[in-house]
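*Asks:* Can you keep this structure in mind? I'll have questions shortly.
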Amino acid sequence: MMRQLISEFFWYATFLFGILFLSIKLYKVVFSKNSTTKILLFSIVTTIILLLFFIRVNIY
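Numbering-wise (the working numbering), the sequence shown opens with residue 1121 and increments by one.
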């Protein structure tokens, strides 16, 4: 029980850190030049992270 709680906390901490990191990246991308390829890459990465999160949520 305790080990599951710790792993759950670690997962959510990693997920929140990922959201923070991606939002900082998006902020930099919006205020930079030639941002079309960067926005495409960013959207792909965000979609993958959201898919992983929903898969993780549906397991439990």
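Beta carbons are placed, not taken as given, at the ideal position from N, Cα and C, and that holds for glycine.
Just so it is clear, the structure is predicted and the values come from calculations on it, not from any experiment.
Determine, using beta-carbon pairs with one atom in the stretch 1121 to 1133 and one in the stretch 1158 to 1168, whether at least three such pairs fall under 8 angstroms.
*Replies:* Output reads no: the stretch 1158 to 1168 does not touch the stretch 1121 to 1133.
*Asks:* Please report how far the alpha carbon of Ile1168 lies from the alpha carbon of Arg1123, in whole angstroms.
*Replies:* Their backbone Cα atoms lie some 27 angstroms apart in a straight line.
*Asks:* Assuming Phe1135 contacts Phe1173 under a Cβ cut-off of 8 angstroms, what Cβ separation, rounded to an integer in Å, is found between them?
*Replies:* So it is a contact: roughly 6 angstroms between Cβ atoms.
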